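Colleague: Its first residue numbered 16, the sequence shown is counted upward by one per residue in the working numbering.
Where a beta carbon is used, it is the ideal one built from N, C-alpha and C, also for glycine.
Everything numeric in this text was worked out from a predicted model, so none of it was measured.
Here it is, the structure, as structure tokens.
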Amino acid sequence: MTELFEAVGNMHMHTPYSDGEGSHADIADAAIAAGLDFIIVTDHNIWLEGLEGYYENENGRVLILIGEEVHNVRRVPQASHFLVYGAEREMFPFAADPQRLINETKAAGGYGFLAHPIERPPEPLLNMPNLGWHDWEIEGYTGLEIWNYMSSFVDEIKKRVAKLPLRIELLGKLTAVLLALNPQKYIIAPPAETLALWDKHLSDGEHIFAVGNSDAHATPMNFGPLHRIIFPYEFLFRAVNTHILIPEPFNGDLAHDKRLVLQAVGRGHSWVGYDMAHPTKGFRFTGQGINKGQIGDTIRLDVGATLQIKTPEKAHIKLIHRGAVVAQVENDTHLTHIPVEEGAYRVECTIPYAGAERGWIYSNPIFLY
């Protein structure tokens, strides 16, 4: 197989152009400090021209691309958020019609992902709505944001507030503050319902791809004498990221490197990695048969075909087909499987971190036919 090169990025974040706190330069500095190779800034309902390119400081450089997070501001609640990458123009004019939004994104040459598609029910005590995807009569989107770190954090607050013995707003706020002081202790994995939704699409023969992101805003929190940023960009860029595999390395040319990023994301040559638990760099999932393939590829299922998994650290490795585990190994770095059925095969890995088994790697599928 041709040598592949890895790049790591984050593709969901906000600046003061919508509801974030940090400038593009602030975000780029944080991305460089966290070791990212690229970022895609996705302010709400606005696409900004002229900001793409490489940002450099004394510690390195990062590729900045511009996308958009689109939602209908007249909808109550303002749910059904759609991440647009590579459309090269603003998609907000189509926000009121989700199917047209998807169609227009594709027509513009872009890729579209449902952002934080499944969230817990609203928590009225703290005025926390359900901002998942609500408009399900749609088709043709590229994929799902299966793990959104900030959405997971908010869902954890909702879950714990719902269990409070007394429905008192102050108790709810104290609960949120305690979680904010040590979020990595409470965030375990992507929502099981989101993974089940993804498996349903894959089992139905759809080529639906996954990304994972931060949804970083760097929102300030003030609670009495306590002042804290929820959460700094750099912190989030060290957590849930999307790793891509590309046929050649970045060379510093914007058009060249942008094309590599968008093609990898749009074709599923990627995995979601919880890099805070342990860096996922070096993970590989390949298929060998009459033809060879990497993550996101389609290969022939023939006699002797194998699927091979390699992780950069010992983990509980699971190979999933039609929503069921068909092969697994614990405390190991390799798994080889001989498939007997057609369909999509994806990888999940968990690893111990901060006192619990955490979701670590969620690969896009290899499709066998």
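With distances taken between CB atoms, is the gap from residue 285 to residue 322 smaller than 8 Å?
Modeller: The sequence position of residue 285 within the sequence shown is 270, counting from 1. The sequence position of residue 322 within the sequence shown is 307, counting from 1. No; because the gap between Cβ atoms is not below 8 Å, this pair is not in contact.
Colleague: Using only the alpha-carbon positions, how far apart do residue 328 and residue 22 sit?
Modeller: What you label residue 328 is simply residue 313 of the sequence shown in a count that begins at 1. What you label residue 22 is simply residue 7 of the sequence shown in a count that begins at 1. Going by the C-alpha atoms only, they are around 18 Å apart.
Colleague: For the candidate residues 347, 210 and 40, whose alpha-carbon lies nearest to that of residue 380?
Modeller: The residue labelled residue 380 in the question sits at position 365 within the sequence shown. That would be 210, whose Cα lies nearest to the Cα of residue 380.
Colleague: For residue 288, does the three-state DSSP call read helix, strand or coil?
Modeller: Counted from its first residue, the sequence shown places residue 288 at position 273. Residue state, collapsed to three classes: strand.
Colleague: Please classify residue 336: does DSSP put it in a helix, a strand, or coil?
Modeller: Looking up residue 336 in the sequence shown gives position 321. Residue 336: strand per DSSP, three-state reduction.
Colleague: Taking three-plus beta-carbon pairs below 8 Å as touching, is the segment 165 to 183 in contact with the segment 132 to 151?
Modeller: The answer is yes - the segment 132 to 151 touches the segment 165 to 183, with three or more Cβ pairs under 8 Å.
Colleague: Should residue 181 be labelled buried (16 or more other beta-carbon atoms within 10 Å of its own) or exposed?
Modeller: Position 166 of the sequence shown, counted from the first residue, corresponds to residue 181. Exposed, since its Cβ has fewer than 16 Cβ neighbours within 10 Å.
Colleague: In the DSSP assignment, what residue or residues form a beta bridge with residue 331?
Modeller: Position 316 of the sequence shown, counting from 1, holds the residue named residue 331. Partner(s): 365.
Colleague: Would the beta-carbon of residue 127 fall within 8 Å of that of residue 91?
Modeller: Here the question's residue 127 lines up with position 112 in the sequence shown. Here the question's residue 91 lines up with position 76 in the sequence shown. For residue 127 and residue 91, no; Cβs fall outside 8 Å.
Colleague: Does the beta-carbon distance from residue 230 to residue 289 come in below 8 Å?
Modeller: For the purposes of this step, residue 230 is taken as the residue at position 215 of the sequence shown. For the purposes of this step, residue 289 is taken as the residue at position 274 of the sequence shown. It is not a contact, given that the beta carbons lie outside the stated cut-off.
Colleague: What are the boundary residues of the beta strand (DSSP E) that includes residue 25?
Modeller: Numbered from its first residue, the sequence shown carries residue 25 at position 10. Its beta strand (DSSP E) spans residues 20 to 25.
Colleague: Just to confirm before moving on: does the CB-CB distance between residue 114 and residue 369 stay below 8 Å?
Modeller: Stepping through the sequence shown from its first residue, residue 114 is reached at position 99. Stepping through the sequence shown from its first residue, residue 369 is reached at position 354. Result no, Cβ atoms of residue 114 and residue 369 do not sit closer than 8 Å.
Colleague: Leaving out five residues on either side along the sequence, give the residues of the same chain with a beta carbon under 6 Å from the beta carbon of residue 82.
Modeller: On the sequence shown, residue 82 is found 67 positions in, with the first residue counted as 1. Only 55, 57, 99 and 100 meet the Cβ criterion.
Colleague: Beta-carbon within less than 6 Å of residue 192's beta-carbon, same chain only, minus the 5 sequence neighbours each way: which residues are those?
Modeller: Reading the sequence shown from its first residue, position 177 is the one you call residue 192. Around residue 192: 238.
Colleague: By a C-beta neighbour count over all protein chains shown, 10 Å radius and 16 as the cutoff for buried, is residue 228 buried or exposed?
Modeller: Along the sequence shown, one-based indexing puts residue 228 at 213. By the neighbour-count rule (16 or more Cβ atoms within 10 Å), residue 228 is buried.
Colleague: According to the Cβ coordinates, are residue 384 and residue 205 closer than 8 Å?
Modeller: As a position in the sequence shown, residue 384 is number 369, starting the count at 1. As a position in the sequence shown, residue 205 is number 190, starting the count at 1. No, the Cβ-Cβ distance between residue 384 and residue 205 is not below 8 Å.
Colleague: Identify every run of the alpha helix (DSSP H) within the segment 155 to 187, keeping only runs that are complete inside it and at least 4 residues long; order them along the chain.
Modeller: Correct list: 164 to 177.
Colleague: Sort 234, 278 and 94 by Cα distance to residue 146 and report the nearest one.
Modeller: As a first step, residue 146 must be located in the sequence shown, where it is residue number 131. Out of 234, 278 and 94, 94 has the C-alpha closest to the C-alpha of residue 146.
Colleague: Less than 7 Å separating the Cβ of residue 139 from some heavy atom of the ligand FAD?
Modeller: Only the bare structure without any ligand can be found here, which leaves the ligand FAD out of the picture.
Colleague: Is it true that the segment 61 to 69 meets the segment 295 to 315, where meeting means three or more beta-carbon pairs spaced less than 8 Å apart?
Modeller: The answer is no - the segment 295 to 315 does not touch the segment 61 to 69, with fewer than three Cβ pairs under 8 Å.
Colleague: With 16 as the cutoff for other CB atoms within 10 Å, does residue 233 come out buried or exposed?
Modeller: Reading the sequence shown from its first residue, position 218 is the one you call residue 233. The residue in question, residue 233, is buried, as its Cβ has 16 or more Cβ neighbours within 10 Å.
Colleague: State the DSSP-derived secondary structure class of residue 201, mapped to helix, strand or coil.
Modeller: To locate residue 201, count along the sequence shown from 1; it is residue 186. Three-state result, residue 201: coil.
Colleague: Report the rounded CA-to-CA distance for residue 332 versus residue 240, giving the unit in angstroms.
Modeller: Here residue 332 is taken as the residue at index 317 of the sequence shown, counted from 1. Here residue 240 is taken as the residue at index 225 of the sequence shown, counted from 1. In a straight line, the C-alpha of residue 332 is about 45 Å away from that of residue 240.
Colleague: If you count every other CB in all the chains shown that lies within 10 Å of the CB of residue 249, and 16 or more means buried, which is it?
Modeller: On the sequence shown, residue 249 is found 234 positions in, with the first residue counted as 1. It is buried - the Cβ of residue 249 has at least 16 other Cβ atoms within 10 Å.
Colleague: Would you give the residue range spanned by the alpha helix (DSSP H) that residue 39 belongs to?
Modeller: Taking the sequence shown and counting its residues from 1, the one referred to as residue 39 is at position 24. Where residue 39 is concerned, the enclosing alpha helix (DSSP H) stretches over 39 to 49.
Colleague: Could you give the DSSP three-state label for residue 117: helix, strand or coil?
Modeller: The sequence position of residue 117 within the sequence shown is 102, counting from 1. Helix, per DSSP.
Colleague: Going by Cα to Cα distance, which pick from 67, 75 and 133 is closest to residue 103?
Modeller: Here residue 103 corresponds to residue number 88 of the sequence shown, with the count starting at 1. That would be 67, whose Cα lies nearest to the Cα of residue 103.
Colleague: Rounded to whole angstroms, how far is the Cβ of residue 135 from the Cβ of residue 214, which I believe are closer than 8 Å?
Modeller: Counting from 1 along the sequence shown, the entry for residue 135 is found at position 120. Counting from 1 along the sequence shown, the entry for residue 214 is found at position 199. Wrong, their Cβ atoms sit about 20 Å apart, outside the cutoff.
Colleague: State the Cα-Cα distance for the pair residue 89 and residue 151, rounded to the nearest angstrom.
Modeller: The count along the sequence shown starts at 1 and reaches residue 89 at position 74. The count along the sequence shown starts at 1 and reaches residue 151 at position 136. Answer to the nearest angstrom: the Cα atoms are 18 Å apart.
Colleague: Return helix, strand or coil for residue 378, following the three-state DSSP convention.
Modeller: Numbered from its first residue, the sequence shown carries residue 378 at position 363. Note: residue 378 maps to strand in three-state DSSP.
Colleague: In three-state DSSP terms, what is residue 278?
Modeller: As a first step, residue 278 must be located in the sequence shown, where it is residue number 263. The answer is helix: DSSP assigns residue 278 an H, G or I state.
Colleague: Can you round the beta-carbon distance between residue 409 and residue 208 to whole angstroms, since I take them to be within the 8 Å contact cut?
Modeller: The structure shown has nothing for residue 409, since the chain only spans 16 to 384.
Colleague: Please name the residue in 353, 96 and 162 whose C-alpha comes closest to that of residue 256.
Modeller: Translated into positions along the sequence shown, residue 256 becomes position 241. Per the Cα distances, 162.
Colleague: Which stretch, first to last residue, makes up the alpha helix (DSSP H) that contains residue 208?
Modeller: Counting from one through the sequence shown, the residue named residue 208 turns up at place 193. Its alpha helix (DSSP H) spans residues 207 to 218.
Colleague: Can you grab the Cα-Cα spacing for the pair residue 252 / residue 25, in whole Å?
Modeller: The residue labelled residue 252 in the question sits at position 237 within the sequence shown. The residue labelled residue 25 in the question sits at position 10 within the sequence shown. When rounded, the distance between both Cα atoms is 7 Å.
Colleague: For my contact list, residue 335 and residue 361 are in at a C-beta cut-off of 8 Å; report their separation, rounded to the angstrom.
Modeller: Start at 1 with the first residue of the sequence shown, and residue 335 comes out as number 320. Start at 1 with the first residue of the sequence shown, and residue 361 comes out as number 346. Residue 335 to residue 361, Cβ: 5 Å. Contact.
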